[in-house]
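Here the protein sequences come in this chain order: X and B. In this text, residue positions in the first sequence follow the working numbering: the first is 13, and each later residue adds one. In this text, residue positions in the second sequence follow the working numbering: the first is 13, and each later residue adds one. The C-beta atom is built at its ideal place from N, Cα and C for all residues, glycine as well. This structure is a prediction, so every number in the text was calculated from the model and none was measured. What follows is a short report on a single structure.
Protein chains: 2
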Amino acid sequence: MNMKDDPQLRRDPVTGRWVLIAPQRAQRPINLPGHAPTHRTNGERHPCPFCPGQEADTPNEVYAVRDTGTAPDGPGWHLRIVPNMYPAVRPDVDAPAPATADLFVTAPAFGTAEVLIDCAQHYDDPTQLSDKQFADVFRAYRARMTALAADPRLAHVSVFKNVGAEAGASLGHLHSQMIATPVVPELLRTELSCAAEHFGRTGRCVFCALVRDELADGARVVARSERFVIVTAFAPRFAYEMWLLPVAHEPRYEALTDYGADELAALLKRVLVALDRVQNAPAYNWFLHTSPLRTGELPHYHWHLEVLPRTARPAGLEWGFGCHITTVAPEQAAAELRDALPKS
Amino acid sequence: MNMKDDPQLRRDPVTGRWVLIAPQRAQRPINLPGHAPTHRTNGERHPCPFCPGQEADTPNEVYAVRDTGTAPDGPGWHLRIVPNMYPAVRPDVDAPAPATADLFVTAPAFGTAEVLIDCAQHYDDPTQLSDKQFADVFRAYRARMTALAADPRLAHVSVFKNVGAEAGASLGHLHSQMIATPVVPELLRTELSCAAEHFGRTGRCVFCALVRDELADGARVVARSERFVIVTAFAPRFAYEMWLLPVAHEPRYEALTDYGADELAALLKRVLVALDRVQNAPAYNWFLHTSPLRTGELPHYHWHLEVLPRTARPAGLEWGFGCHITTVAPEQAAAELRDALPKS
């Protein structure tokens, strides 16, 4: 018996979520066509509502990186943020009343839903962006979150990117989404309360402890720069799941400097090139976990970006019971990713 | 503005999970090929380790429905349960020690993983099963859970079925999985504690309250029989998500009678035919939520079966923040399903 391949239970250090890592299951027979998640494909170029010249297909921009002297909603832009034409939440309804004790509670979906179009080119792969373009995306997240914080009705902005149809993208042209809501969403509330519990028990930020231990051990470190480290998740939901964290204690993403955005972009882009090499361009999401809007500098919370590649299709144990099974140990995944990094 | 199509926030009556229902998003442009989840396809027939004659490809059976006088692990069976050849948990390792305060906790994955092969025919669609075969599956769940309860190291059995590659099935030949573990998995713990909280506050089982209100209202009722009702979930994770519940208070699935199994099977099969008609044979999971092993008759918990069709691909808001968006209101889904029911 190869002990290394015996299935393991692992507990996520932040949320306490248990997962199973079972490398032997990679050997199981498969006879159902379409079992593997689909890799990324290119979107059709026409019609693309996010391409230059199609500005009339989107609502008026609320933020843009533009050539000097060009007018809003016309040509000359390099990055645009526009309200989502097909929003899941709307600013023109009442903010929900507090939850009641009723069994069936429905509320108008108040909030703002915006689309960040990463670039004027019809790119569908983040690694096609120049370092400057990549950094502009992270600066735009910061700018828009700071602006949305001025509305006291909004408590949180969910910032995420879907890359590839398997990861839920419906348009190929690179874009992110920013959904601001009056409530802090469930997974972030869980993280915040678990981190507060850890702080109360140990006097330390759990993410600071994680970064310290990961850097000391090294087995799950994929890449690091001066300010940031990218590790494979200790208890992943999907194989090759990665977390990017500031090395120092940084509770609020909005405090990211321009130097920090440049550094983050360069580091993440290299790691995404490695992910594409190792897993043949998988679909993925990335999403930003940071303190709710207008909170001060929390001692127990530390912003980070999670990258979740679609390396398997969750099934009954995942959806029905909340327990994820993966077949590649995170230490193995990190070693493969390090070997595939482009020269910096 | 059509108010009916305005996005809504809804709160799950049991767990408190918030979801968004946004029918207008069904109109959004899509230019990325492969955006829609794949519908069910047939598995390749050869080689199939679950077909008769291939018994040597699976470990020895632990339960079977067989013709009288036939020997284990040979021909003559109609349903078999065998240990999983590629288990995510194993019975021959130590049960995990209690969780420690360490950041990175790993434990041997103790437990049993079994596969229930539904039928001797190479069927890949549950509605191909005869009513007797369908009922035998639900009787076998009961028998095996009762047998596994004799091992005091095991606390819970996760019973689920994956139908279709998009829902995580790797083999087409119809089968269920039963994974017994020393811990109660996360989503069931959440349900149990939310149900206990509701009971403490109201003196009622939340599922009994739900069944009463759903039957009184009728808008989400898909079908009912004497003992059971199937409703569309009030706050679904996927459009057309359905819950099958006993109408009376039944905490433990193991107490299901043979009459109950027959009735459940007939009801569920009719509804799955309707689901296939309405959504063109989507992939789905079903999973059983019931009291942990060896618990008595809890006043606050009520077993039920959830059916989760893959009608969309979860993206960044779902995976990153725990908030599901669907585009079909459950009342609309229930009306479509009722219209598509076969005559009983």
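- Under the Cβ criterion of 7 Å, B:E275 is not counted among the residues facing chain X.
- Taking the Cα positions, X:E198 is about 20 Å away from X:C217.
- Leaving aside the five residues that flank B:A346 on each side, the residues in its chain whose CB is nearer than 6 Å to its CB run, in chain order, R232, V234, T244.
- From the listed residues B:F240, B:L353, B:V101, B:L310, the smallest Cα separation to B:E318 is found for B:F240.
- Residue pairing for X:L257: DSSP places it in a beta bridge opposite X:V241.
- Distance from the CA of B:N72 to the CA of B:H301, rounded to the nearest whole angstrom, comes to 28 Å.
- For the pair X:E330 and B:Q291, the Cα-to-Cα distance works out to about 23 Å.
- B:Q140 and B:C63 have their C-alpha atoms some 16 Å from each other.
- In the same chain as X:F211, and ignoring 5 residues on each side of it, the C-beta atoms closer than 8 Å to its own belong to C217, V218, P311, H312, in chain order.
- Against X:I93, chain B offers no close residue; the least beta-carbon distance is about 16 Å (beta-carbon pairs closer than 7 Å).
- Along the length of the region 260 to 348 of chain X, whole beta strand (DSSP E) runs at least 3 residues long occupy 296 to 301, 316 to 321, 336 to 338, reported in chain order.
- With a cutoff of 7 Å on beta-carbon distance, B:E238 and B:V26 are scored as not near each other.
- Residue pairing by DSSP places X:Q20 opposite X:I33, B:P120 in a beta bridge.
- Interface with chain B (7 Å Cβ-Cβ cutoff): X:N43 is included.
- Taken in chain order, the members of the region 287 to 307 of chain X whose beta-carbon sits within less than 7 Å of a beta-carbon on chain B are N297, F299.
- Between X:D225 and chain B, the shortest Cβ-Cβ separation is below 7 Å.
- Relative to B:T112, the option among X:G81, X:L91, X:E178, X:G28 whose CA is nearest is X:G28.
- Of all C-beta pairs linking the region 175 to 191 of chain X to the region 265 to 272 of chain X, fewer than three are shorter than 8 Å, placing the two stretches out of contact.
- The beta carbon of B:P294 lies closer than 8 Å to those of P49, H51, R52, G176, E178, Y252, L287, D288, P321, R322, T323 in the same chain, with the five residues before and after it left out.
- For X:G55, at least one C-beta of chain B is nearer than 7 Å to its own C-beta.
- Shown here for B:R306: same chain residues with a beta carbon closer than 6 Å to its own, the five before and five after excluded, namely A161 in chain order.
- Taking each of B:T338, B:P138, B:F333, B:P87 in turn and checking the Cα distance to B:A68, the smallest one comes out for B:P87.
- Between the alpha carbons of X:G215 and X:A207 lies a distance of about 11 Å.
- Classified as buried, B:K281 has 16 or more neighbouring CB atoms from the shown chains inside 10 Å of its CB.
- Annotation: X:S205 to X:A83 spans about 45 Å, alpha carbon to alpha carbon.
- X:R102 sits in a strand when the DSSP states are folded into three classes.
- Using a Cβ-Cβ cut-off of 7 Å, X:E203 does not count as an interface residue toward chain B, since no Cβ of chain B sits closer than that to its own.
- Under the criterion of beta carbons closer than 8 Å, X:Y98 and B:R37 qualify as touching, at roughly 5 Å.
- With a cutoff of 7 Å on beta-carbon distance, B:G328 and X:F172 are scored as near each other.
- Distance between X:G332 and X:D79, taken at the CA atoms: about 50 Å.
- Against chain X, the CB of B:L32 has a partner CB under 7 Å away; the residue lies at that interface.
- For the 7 Å CB-CB criterion, B:P95 and B:E126 form a contact.
- At least one beta carbon of chain B lies nearer than 7 Å to the beta carbon of X:A177.
- Looking only at B:N297, B:V101, B:H187, the smallest Cα-Cα distance to B:Q133 is reached by B:H187.
- Counting along the chain, X:S205 sits inside no beta strand (DSSP E); it lies in the alpha helix (DSSP H) bounded by residues 198 to 214.
- Under the DSSP assignment, B:M190 falls in the beta strand (DSSP E) whose first and last residues are 187 to 193.
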